[in-house]
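Visitor:
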Amino acid sequence: NAGVTQTPKFQVLKTGQSMTLQCAQDMNHEYMSWYRQDPGMGLRLIHYSVGAGITDQGEVPNGYNVSRSTTEDFPLRLLSAAPSQTSVYFCASSYQQGAHSPLHFGNGTRLTVT
Amino acid sequence: QQQVKQSPQSLIVQKGGIPIINCAYENTAFDYFPWYQQFPGKGPALLIAIRPDVSEKKEGRFTISFNKSAKQFSLHIMDSQPGDSATYFCAARLGAASKLTFGTGTRLQVTL
Numbered sequence: 180n181a182g183v184t185q186t187p188k189f190q191v192l193k194t195g196q197s198m199t200l201q202c203a204q205d206m207n208h209e210y211m212s213w214y215r216q217d218p219g220m221g222l223r224l225i226h227y228s229v230g231a232g233i234t235d236q237g238e239v240p241n242g243y244n245v246s247r248s249t250t251e252d253f254p255l256r257l258l259s260a261a262p263s264q265t266s267v268y269f270c271a272s273s274y275q276q277g278a279h280s281p282l283h284f285g286n287g288t289r290l291t292v293t
Numbered sequence: 000q001q002q003v004k005q006s007p008q009s010l011i012v013q014k015g016g017i018p019i020i021n022c023a024y025e026n027t028a029f030d031y032f033p034w035y036q037q038f039p040g041k042g043p044a045l046l047i048a049i050r051p052d053v054s055e056k057k058e059g060r061f062t063i064s065f066n067k068s069a070k071q072f073s074l075h076i077m078d079s080q081p082g083d084s085a086t087y088f089c090a091a092r093l094g095a096a097s098k099l100t101f102g103t104g105t106r107l108q109v110t111l
């Protein structure tokens with residue numbers, strides 16, 4: 180199984196450009212989420228989804244949009260990139276909500292906004 | 000607002016030593032406390048987890064100690080090996096959702 184697949188692995192954007200970070204999982208997980216990782220800040224939740232058609236905001240949602248049209252895919256959209264969005268982005272999924280469902284992370288997308 | 004505080008930021012131990020990473024939380028409604036391990040260029044992976052009704056959990060060389068009254072928990076790595084060199088994150092979960100609040104991470108280096 181591929182697990183959680185994120186594309187691209189690296190991306191450089193100019194301020195104001197838009198792009199979509201792709202995330203796909205093949206484990207039939209209900210729950211999917213996006214985190215950003217910054218030095219000294221740990222991992223912060225951007226958006227999450229508990230199932231197809233349902234999304235909600237996390238801790239740092241501003242500047243990002245998500246949608247969940249299928250169980251497998253959960254893309255993250257940057258509408259107008261800003262230097263503050265330079266970060267490593269991780270997509271994660273779990274089988275279902277609940278304590279015994281560990282999060283499975285992808286290998287990340289490193290985004291630089293100049 | 001950092002709801003889960005993690006220390007130290009970095010740690011260097013010799014092979015065979017016992018690194019200890021500490022975390023403290025504020026919200027007593029947290030009900031699940033996992034630790035994640037991350038190698039360079041990879042996503043975090045679940046290492047071990049504990050519920051607040053348990054004071055200690057061991058899995059192989061990894062042990063979580065949990066002090067509910069002090070709102071603190073820690074990770075101990077017995078007989079540490081160079082392959083344990085990684086960044087470790089503690090986390091806490093609130094309620095039925097799978098949303099996790101992570102600590103800021105500890106970069107561990109195990110030297111020969």
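Quick note, the sequences are listed as chains C and B, same order.
Numbering-wise (my numbering), the first sequence opens with residue 180 and increments by one.
Numbering-wise (my numbering), the second sequence opens with residue 0 and increments by one.
From the three backbone atoms N, C-alpha and C, an ideal C-beta is built for every residue, glycine too.
#1: So residue 286 of chain C contacts chain B; which residues on that side make the cut at Cβ distance below 9 angstroms?
#2: Note down, one range per segment and in chain order, each beta strand (DSSP E) of at least 3 residues found wholly within the region 220–280 of chain C.
#3: Quick check on residue 33 of chain B: does DSSP put it in helix, strand or coil?
#4: Against residue 67 of chain B, what residues of chain C qualify as contacts under a CB-to-CB distance less than 8 angstroms, listed in chain order?
#5: Assuming residue 212 of chain C is part of the beta strand (DSSP E), what are its boundary residues?
#6: Rounded C-beta distance between residue 266 of chain C and residue 290 of chain C? I'm assuming under 8 angstroms.
#7: How many angstroms separate the CA atom of residue 50 of chain B from the CA atom of residue 72 of chain B?
#8: Per DSSP, residue 66 of chain B forms a beta bridge with which residues?
#9: With 8 angstroms as the C-beta to C-beta threshold (strictly closer), list the residues of the region 43–77 of chain B near chain C in chain order.
#10: Is there a Cβ from chain C that is less than 8 angstroms from the Cβ of residue 93 of chain B?
#11: Counting only beta-carbon atoms, is residue 230 of chain C nearer than 8 angstroms to chain B?
#12: Cα separation between residue 233 of chain C and residue 24 of chain B?
#13: Note down the Cα distance separating residue 40 of chain B from residue 286 of chain C, rounded to an integer number of angstroms.
#14: Beta-carbon within less than 8 angstroms of residue 48 of chain B's beta-carbon, same chain only, minus the 5 sequence neighbours each way: which residues are those?
Guide: So, from the listed chains and residues:
#1: Along the first sequence, one-based indexing puts residue 286 of chain C at 107. Neighbours of residue 286 of chain C on chain B, chain order: 40, 41 and 42.
#2: 221–230, 233–236, 243–245, 255–257 and 266–273
#3: In the second sequence, residue 33 of chain B corresponds to position 34, counting from 1. The three-state secondary structure of residue 33 of chain B, taken from DSSP, is strand.
#4: Counting from 1 along the second sequence, the entry for residue 67 of chain B is found at position 68. Here the premise fails: no neighbours, minimum Cβ distance about 16 angstroms.
#5: Here residue 212 of chain C refers to the residue found at position 33 when the first sequence is read from its first residue. Here the beta strand (DSSP E) through residue 212 of chain C covers 210–217.
#6: Residue numbering aside, residue 266 of chain C sits at position 87 when the first sequence is read from its first letter. Residue numbering aside, residue 290 of chain C sits at position 111 when the first sequence is read from its first letter. Contact flag correct, Cβ pair sits at about 6 angstroms.
#7: Here residue 50 of chain B refers to the residue found at position 51 when the second sequence is read from its first residue. Here residue 72 of chain B refers to the residue found at position 73 when the second sequence is read from its first residue. Taking the straight line from one Cα to the other gives about 11 angstroms.
#8: Taking the first residue of the second sequence as position 1, residue 66 of chain B is located at position 67. DSSP lists B:71 as partners of residue 66 of chain B.
#9: 43, 44, 45, 48 and 50
#10: Sequence index remark: in the second sequence, residue 93 of chain B carries index 94 (1-based). Output row for residue 93 of chain B: interface = no.
#11: Counting from one through the first sequence, the residue named residue 230 of chain C turns up at place 51. Chain B, which has no Cβ nearer than 8 angstroms to the Cβ of residue 230 of chain C, makes this no.
#12: Working through the first sequence from its first residue, we reach residue 233 of chain C at position 54. Working through the second sequence from its first residue, we reach residue 24 of chain B at position 25. Taking the straight line joining both Cα atoms gives about 29 angstroms.
#13: Counting from 1 along the second sequence, the entry for residue 40 of chain B is found at position 41. Counting from 1 along the first sequence, the entry for residue 286 of chain C is found at position 107. Rounded to the nearest angstrom, the two C-alpha atoms are 7 angstroms apart.
#14: Position 49 of the second sequence, counting from 1, holds the residue named residue 48 of chain B. Closer than 8 angstroms at Cβ, skipping near neighbours: 31, 32, 33, 34, 56 and 63.
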